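Residue numbers (UniProt numbering): 1 to 366. The next block holds one structure in the form of structure tokens; read it before the comments.
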């Protein structure tokens, strides 16, 4: 069933998207501000389910490259229409709806900006169910939907890549483009008819982000934490496991091949006193060990929530002394299929990280 996103909903979606980013994906704050600056109080963004768009041409859109450089120098407001126009030329098909290729972080909100600037509806869903570090790590690719044709814009430069170009070459050209220009690209890719896209998407993730954001707003912190648990439990993800409450005792971060790599150590507090948690990350939180035991790894979700506000923390934001709740959430089942795990391993820094077996205390979801 269709629904509308109002201006007041955008900050909640940004919070939920940051939670689903698992520590990476870029801070949605900048694109949230852009959307709110061009959206009036009476304006709405139409959101449709994939079942309503079986004959429409749906195009995933988003940002690839450096979210930090995007925040420092965002694209002009005409860029979304320019990218979709270029996509229409190279694909010989005009987009009739847009969808995110990544619900975690900045790219949960990118389709909303496209929708505002073009009048197109947004599809409730995405192709990752969280954030991943590489553009090929999508359920679109898993289901054989080619990334090409694609169109991208970096600064004032437009790039069009036709369907005969190999995926590896297309992604290589895309990376060359953002390195030579603004450090990121705004792009449209993985397009297809709704009936073809339907089995490839993770449905309902845009509404999930909205619900997660709203869950942080009111009530005692135990009530808000319980509501977050209920939202996940009632979704295609599953019940969160509560791993620990503690403070960040050590953070090590460095850049490697353009990715933020490192680890953080969390020392337990109160009932978790004496417990030690180590989380490794490459942009996103990838694996979690507790007292030396492997607990969970990507594609399952690892969340660090601020002790006081329950707002999510990015890997880039962590500071020694931060008080955090540590949670894990089962990923949607499609992300744990053999085919998807092969996609995730292609450039994974921890190919042998433990899979989706949560060993924490299951949260009470009421």
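Quick reminder that beta carbons are idealized off the backbone N, C-alpha and C, glycines included. No experiment lies behind these values; they were computed from the predicted model shown.
Per DSSP, what are the beta-bridge partners of residue i in this structure?
{"i": "residue 153", "result": "158, 186"}
{"i": "residue 19", "result": "Its beta-bridge partners do not exist; DSSP assigns none."}
{"i": "residue 215", "result": "Looking at the DSSP assignment, residue 215 forms no beta bridge with any residue, so it has no partner."}
{"i": "residue 281", "result": "262, 285"}
{"i": "residue 103", "result": "DSSP lists no partner for residue 103."}
{"i": "residue 191", "result": "Looking at the DSSP assignment, residue 191 forms no beta bridge with any residue, so it has no partner."}
{"i": "residue 126", "result": "202"}
{"i": "residue 6", "result": "44"}
{"i": "residue 227", "result": "In the DSSP output, where bridge partners are listed per residue, residue 227 has none listed."}
{"i": "residue 302", "result": "328"}
{"i": "residue 268", "result": "246"}
{"i": "residue 312", "result": "305"}
{"i": "residue 235", "result": "Answer is none; residue 235 lacks a bridge partner."}
{"i": "residue 71", "result": "BP columns for residue 71 are empty, so no partner."}
{"i": "residue 97", "result": "58"}
{"i": "residue 290", "result": "277, 293"}
Which term fits residue i, buried or exposed, when burial requires 16 or more other beta carbons within 10 angstroms of its beta carbon?
{"i": "residue 57", "result": "buried"}
{"i": "residue 346", "result": "exposed"}
{"i": "residue 358", "result": "With a pLDDT of 47 at residue 358, under the threshold of 50, the modelled position of that residue is not reliable, and the figure given next carries that caveat. Flag for residue 358 reads buried."}
{"i": "residue 87", "result": "buried"}
{"i": "residue 319", "result": "exposed"}
{"i": "residue 254", "result": "exposed"}
{"i": "residue 140", "result": "buried"}
{"i": "residue 348", "result": "Because residue 348 sits at a pLDDT of 35, beneath the cut-off of 50, its placement in the model cannot be relied upon, and the following sentence gives the value as read from the coordinates. Buried, by the Cβ-count rule."}
{"i": "residue 1", "result": "exposed"}
{"i": "residue 22", "result": "buried"}
{"i": "residue 75", "result": "buried"}
{"i": "residue 216", "result": "buried"}
{"i": "residue 300", "result": "buried"}
{"i": "residue 131", "result": "buried"}
{"i": "residue 119", "result": "exposed"}
{"i": "residue 100", "result": "buried"}
{"i": "residue 356", "result": "The pLDDT assigned to residue 356 is 39, lower than 50, so where the model puts this residue is not dependable; a value taken from the coordinates is nonetheless given after this. Buried, since its Cβ has 16 or more Cβ neighbours within 10 Å."}
{"i": "residue 111", "result": "buried"}
{"i": "residue 351", "result": "Any reading at residue 351 is ruled out, since the residue's pLDDT is 27, under 50, leaving its predicted position unreliable."}
{"i": "residue 191", "result": "buried"}
{"i": "residue 166", "result": "exposed"}
Output the boundary residues of the alpha helix (DSSP H) element that contains residue i.
{"i": "residue 339", "result": "338-345"}
{"i": "residue 36", "result": "29-38"}
{"i": "residue 113", "result": "110-118"}
{"i": "residue 139", "result": "139-142"}
For residue i, report the span of its beta strand (DSSP E) as first-last.
{"i": "residue 60", "result": "57-65"}
{"i": "residue 164", "result": "Looking at the DSSP string, residue 164 is not in any beta strand (DSSP E), and its letter there is neither H nor E."}
{"i": "residue 255", "result": "241-256"}
{"i": "residue 295", "result": "293-297"}
{"i": "residue 90", "result": "Counting along the chain, residue 90 falls outside any beta strand (DSSP E), though it belongs to the alpha helix (DSSP H) covering 79-91."}
{"i": "residue 327", "result": "323-329"}
Do residue i and residue j have their C-beta atoms within less than 8 Å of each other?
{"i": "residue 28", "j": "residue 109", "result": "yes"}
{"i": "residue 154", "j": "residue 54", "result": "no"}
{"i": "residue 24", "j": "residue 104", "result": "yes"}
{"i": "residue 64", "j": "residue 187", "result": "yes"}
{"i": "residue 283", "j": "residue 133", "result": "yes"}
{"i": "residue 183", "j": "residue 77", "result": "no"}
{"i": "residue 204", "j": "residue 236", "result": "yes"}
{"i": "residue 246", "j": "residue 221", "result": "no"}
{"i": "residue 15", "j": "residue 113", "result": "no"}
{"i": "residue 225", "j": "residue 310", "result": "yes"}
{"i": "residue 307", "j": "residue 325", "result": "yes"}
{"i": "residue 136", "j": "residue 343", "result": "yes"}
{"i": "residue 238", "j": "residue 329", "result": "yes"}
{"i": "residue 327", "j": "residue 267", "result": "no"}
{"i": "residue 127", "j": "residue 201", "result": "yes"}
{"i": "residue 148", "j": "residue 162", "result": "yes"}
{"i": "residue 95", "j": "residue 48", "result": "no"}
{"i": "residue 67", "j": "residue 189", "result": "no"}
{"i": "residue 280", "j": "residue 287", "result": "yes"}
{"i": "residue 116", "j": "residue 45", "result": "yes"}
{"i": "residue 322", "j": "residue 248", "result": "yes"}
{"i": "residue 129", "j": "residue 312", "result": "no"}
{"i": "residue 62", "j": "residue 89", "result": "no"}
{"i": "residue 185", "j": "residue 152", "result": "yes"}
{"i": "residue 39", "j": "residue 18", "result": "no"}
Verify the contact flag: residue i, CB atom, against every heavy atom of the ligand SAM, threshold strictly below 7 Å.
{"i": "residue 304", "result": "By its list of ligands, the structure shown contains no ligand whatsoever, and the ligand SAM lies outside what it can speak to."}
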